[in-house]
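Step one of this worksheet: look at the structure below.
Numbering (the numbering used here), first residue to last: 94 to 916.
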């Protein structure tokens, strides 16, 4: 039958309108989860604690846990890997606090800090002498700088300055405890020109045959106008600001400062300033830069390096030239930096990969080589006395860290090995040296005579039991001062006495919220015993804070650590959470929530992490909210991917996660808590990738929730997670692990959630959009939820509430109330 053109036009217009109407009808406003979930989300916020350098005062900062979506709707420029609010000349989104108080450690006395109306402040920074603190306050038109008195709580705004917080450290104290080194919006800066309506020029990129792997970065520069905007908003004027008089003294010319680091003597400043040409393929930290030392008049005292665009860095490698540049904290003005000996290429076979160099002011003589590291330099820490420096390197093939003790003032002396272990071996982790802020505003390791102090998680087969040890630098013998009890989780936070006999801890238990205590012990360096004795010499404890339980309704939740073996003998574990009022023997719908990790051996893969003795709190879009709806939750379900060859560890990724998932379900069924016919799986980011793969390659789950994942690995062709091979070196692997290519096998319903403005490398929103299209197009059951304005992690209250609504509704429909499986 022939249809006239006009009739055909009317018909297609009607069909289009009908389709559009159906599409609009399918859209929904932000939804809220059940009331019991909302009650927890709306619970009071417990303050964050910052301890003064003197350890005499606690600063209590109360934040906004879930900001409104209107905060995220502020203007945002996505430039060179940064997200900038042009109205404030600061970051588009960062945590902020709305209330401050001070608490004396000695007697617990509180002092309220009266913030300006509508305050949105950052976490304050202490002056080295603890007498003052400084903080930024973000308004609708800019960022203010305020200072406060730690005795009276009185604060004042430093008038006439507008802070530039786009890039680098916006403010720092100098050792005089009075002057602040600040980055300012340049005075009398003209308005930036409007974006051109007509393109000025084509966008051109060229490569000349040199291999340059390209990670899938977000928020890159795209055109010349983006370059202009980045330069405009990131450029700042360095200045010295007198916190007493408000006097401003400019240093040098405006620039884009990646590094602004005052010397310990307060007379010099280490700077690293970015400059053109910028890149459309890399973020700001790879841009060309000049690394210089300035005096307090802004004059160049020394030029450390001119670094080109870092666009030829091998995968897993480092740039050539100076890097990790900083000051020695225990000298007036001595530079420290690292240079690669292997051209930054981890695949080159060389006896040493890096050299660590030191150069004291006035920088006239050739730098002194502290040492050469066999593997890639990882960290450097100094003790507050003597010339002891800990230098750590990392072997990416064996995953081993090697920490050596070097005497900086006698570099010819042979380094001594302090620790050499697998970084994933939590059971043998010796802990990290405790540090403090020195009078020069630099951090160093606390040292008492020949001893330093180590605090660590204390991982064990029973869970984490935090500890405090003392280690003698001469004998390298370690003795134990404190270890958490097994019915609570108590971690050392700061030393109050150099002898280690008094320290501050943060203690919590399943029934008690985290609070801070003063622990006093009778142990001295002379009477301590070895850690293997398992003894605890703590004689008393005194509370400093008394934060109340904001969510008493969660105390009915029970949890326990469960270990088991998968069929290849690798030990796995999960924390079993059971809902309030659970009755023994009741089989529940169950949520398995996980994030796979790679390991070089089965022993470390099977180690337990976390503690069941921590206070149960549920924040954000947590999977633990399922507990309030009658589910059991297998949280932190280990999905180890084990392989001795780091280049090929992912070759059996699919087989190993399927094996791990089946073992977890079998164990939960064996315990009598899980209904095998009603199990759902979920994860975020790499956990979402895992979720889609489990649904594609197994029949263990009735439904899945995959948040902010990447599902097509051909879109991340230069590696992902720990995968070192590029797509063209291992095409079969990239195809095998991409659930996008197995979309037709995903028959269990899957909920895909993604932030519209995802800022994580590789997890572009198109990953979820195309995965949705693939599953829909092959007849699967799928729902896609794109959260406006949200990044990789979700922040706005409306987004958190809606995500929980979606997750709970999806599993209620397809897991809790799922009909019996058809044989």
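The C-beta atom is built at its ideal place from N, Cα and C for all residues, glycine as well.
Backbone CA spacing between residue 578 and residue 353 [nearest angstrom]: Locating residue 578 in the chain shown gives position 485, where the first residue counts as 1. Locating residue 353 in the chain shown gives position 260, where the first residue counts as 1. Near 43 Å, if we compare the C-alpha coordinates of residue 353 and residue 578.
Between the alpha carbons of residue 129 and residue 121, how many angstroms are there, rounded? The residue given as residue 129 occupies position 36 in the chain shown. The residue given as residue 121 occupies position 28 in the chain shown. Their Cα atoms are separated by approximately 22 Å.
What residues in its chain sit with their C-beta under 8 Å from that of residue 191, if we drop five residues either side in the sequence? Mapped onto the chain shown, residue 191 falls at position 98. Once the five neighbours on either side are set aside, the close Cβ partners of residue 191 are 155, 156, 157, 208, 212, 213, 214.
Alpha carbon of residue 551 to alpha carbon of residue 581, nearest angstrom: Indexing the chain shown from 1 puts residue 551 at position 458. Indexing the chain shown from 1 puts residue 581 at position 488. The straight-line gap from Cα to Cα measures roughly 13 Å.
Alpha helix (DSSP H) runs contained entirely in the segment 298-341, provided each spans 4 or more residues: 317-327
With a threshold of 8 Å on Cβ separation, who are the neighbours of residue 312 within its own chain once the five nearest residues in sequence on each side are excluded? Taking the chain shown and counting its residues from 1, the one referred to as residue 312 is at position 219. Contacts found: 171, 172, 173, 174, 175, 176, 376, 852.
For residue 179, tell me which candidate among 655, 241, 219, 257 has the shortest Cα-Cα distance. Translated into positions along the chain shown, residue 179 becomes position 86. If we check each option's Cα against that of residue 179, 257 comes out closest.
By the DSSP assignment, the alpha helix (DSSP H) with residue 464 in it spans what residues? Looking up residue 464 in the chain shown gives position 371. Run containing residue 464: none in the alpha helix (DSSP H); it sits in the beta strand (DSSP E), 461-466.
Those residues which DSSP pairs with residue 775 across a bridge: Within the chain shown, numbered from 1, the residue matching residue 775 stands at position 682. BP columns for residue 775 point to 686, 798.
Residue range of the unbroken alpha helix (DSSP H) whose run includes residue 903: For the purposes of this step, residue 903 is identified with residue 810 of the chain shown, where counting begins at 1. Note, residue 903: alpha helix (DSSP H), 890-904.
Close beta carbons around residue 870, own chain, < 8 Å, minus the five adjacent residues each side: On the chain shown, position 777 is the one that residue 870 refers to. These residues qualify, in order along the chain: 836.
Nearest neighbour of residue 487, chosen from 496, 671, 480, 481 [CA to CA]: The sequence position of residue 487 within the chain shown is 394, counting from 1. Nearest of 496, 671, 480, 481 to residue 487, Cα basis: 496.
In DSSP terms, what residue 843 is bridged to: Here residue 843 refers to the residue found at position 750 of the chain shown. In the DSSP output, where bridge partners are listed per residue, residue 843 has 797, 875.
Candidates 771, 838, 197, 310: which alpha carbon is nearest residue 856's? Numbered from its first residue, the chain shown carries residue 856 at position 763. Selected option, being the one with the closest Cα: 310.
What do you reckon, are the CB atoms on residue 768 and residue 680 nearer than 8 Å? For the purposes of this step, residue 768 is taken as the residue at position 675 of the chain shown. For the purposes of this step, residue 680 is taken as the residue at position 587 of the chain shown. Going by C-beta atoms, residue 768 is nearer than 8 Å to residue 680.
Looking only at its chain, what residues have a beta carbon closer than 6 Å to the beta carbon of residue 279, apart from the 5 residues adjacent to it on each side? Against the chain shown, residue 279 aligns to sequence position 186. Same-chain partners within the cutoff: 330, 347.
With a CB to CB cut of under 7 Å and the five nearest residues on each side skipped, what residues in its chain are close to residue 730? Mapped onto the chain shown, residue 730 falls at position 637. Cβ within range, chain order: 667, 685, 686, 687, 757.
Can residue 476 be considered in contact with the ligand ADP, in the sense that its beta carbon sits closer than 7 Å to one or more heavy atoms? In terms of ligand content, the structure shown is empty, and the ligand ADP therefore cannot be addressed.
Does the Cβ-Cβ distance between residue 607 and residue 596 come in under 8 Å? Indexing the chain shown from 1 puts residue 607 at position 514. Indexing the chain shown from 1 puts residue 596 at position 503. Going by C-beta atoms, residue 607 is not nearer than 8 Å to residue 596.
Spatial neighbours of residue 404 in its chain, beta-carbon cut-off 8 Å, leaving aside the 5 residues before and after: Along the chain shown, read from residue 1 onward, the residue named residue 404 stands at position 311. Within the same chain, residue 404 has close Cβ partners 305, 372, 374, 375, 379.
On the premise that residue 517 lies in contact with residue 697, defined as a C-beta separation below 8 Å, what is that separation, rounded to the nearest angstrom? As a first step, residue 697 must be located in the chain shown, where it is residue number 604. As a first step, residue 517 must be located in the chain shown, where it is residue number 424. At roughly 4 Å, the Cβ-Cβ gap stays under 8 Å, so residue 697 and residue 517 are in contact.
Do the segment 807-827 and the segment 838-846 meet, that is, are 3 or more Cβ pairs less than 8 Å apart? Here the segment 807-827 makes no contact with the segment 838-846; the two share fewer than three CB pairs at distances below 8 Å.
For the beta strand (DSSP E) that contains residue 152, what are its first and last residues? Within the chain shown, residue 152 is the residue found at index 59, counting from 1. Taken as a continuous stretch (DSSP letters only), the beta strand (DSSP E) holding residue 152 covers 150-156.
What is the rounded straight-line gap between the Cα of residue 166 and the Cα of residue 724? What you label residue 166 is simply residue 73 of the chain shown in a count that begins at 1. What you label residue 724 is simply residue 631 of the chain shown in a count that begins at 1. Computed Cα separation, rounded: 35 Å.
Would you report the Cα separation of residue 602 and residue 708, rounded to the nearest angstrom? Taking the first residue of the chain shown as 1, we reach residue 602 at position 509. Taking the first residue of the chain shown as 1, we reach residue 708 at position 615. For residue 602 and residue 708, the distance between alpha carbons rounds to 5 Å.
Please identify the residue among 228, 822, 322, 249 whose C-alpha is closest to the C-alpha of residue 285. Numbered from its first residue, the chain shown carries residue 285 at position 192. Comparing Cα positions, the closest option is 322.
Local conformation of residue 623 per DSSP, three classes: Mapped onto the chain shown, residue 623 falls at position 530. Caution is warranted here: a pLDDT of 46 is assigned to residue 623, below 50, making its placement in the model unreliable, and the coordinate value is therefore given only provisionally. In the structure shown, residue 623 sits in coil (DSSP, three-state: anything other than H, G, I, E or B).
Using DSSP with H/G/I as helix, E/B as strand and the rest coil, what is residue 277? Position 184 of the chain shown, counted from the first residue, corresponds to residue 277. Strand.
Based on DSSP bridge pairs, tell me the residues matched to residue 180. If you number the chain shown from 1, residue 180 lands on position 87. None, per the DSSP bridge assignment.
Between which two residues does the beta strand (DSSP E) holding residue 237 run? Indexing the chain shown from 1 puts residue 237 at position 144. Looking at the DSSP string, the run of the beta strand (DSSP E) that includes residue 237 is 236-242.
Looking at C-beta atoms only, is the number of pairs between the segment 749-764 and the segment 699-706 that lie closer than 8 Å three or more? Touching, no.
Have a look at residue 636 and residue 649 and give me their C-alpha separation to the nearest angstrom. Taking the chain shown and counting its residues from 1, one reaches residue 636 at position 543. Taking the chain shown and counting its residues from 1, one reaches residue 649 at position 556. Using only the alpha carbons, I get a separation of about 25 Å.
Between the segment 420-431 and the segment 357-371, can you find at least three pairs of beta-carbon atoms closer than 8 Å? yes
State buried or exposed for residue 779, treating a residue as buried only when at least 16 other CB atoms are found within 10 Å of its CB. Within the chain shown, the letter at position 686 stands for residue 779. Flag for residue 779 reads buried.
Straight-line Cα distance separating residue 868 from residue 291: The sequence position of residue 291 within the chain shown is 198, counting from 1. The sequence position of residue 868 within the chain shown is 775, counting from 1. Using only the alpha carbons, I get a separation of about 40 Å.
Among 872, 665, 664, 604, nearest to residue 651 - alpha-carbon criterion: Numbered from 1 along the chain shown, position 558 holds the residue referred to as residue 651. Comparing Cα-Cα distances from residue 651 to each of 872, 665, 664, 604, the minimum goes to 604.
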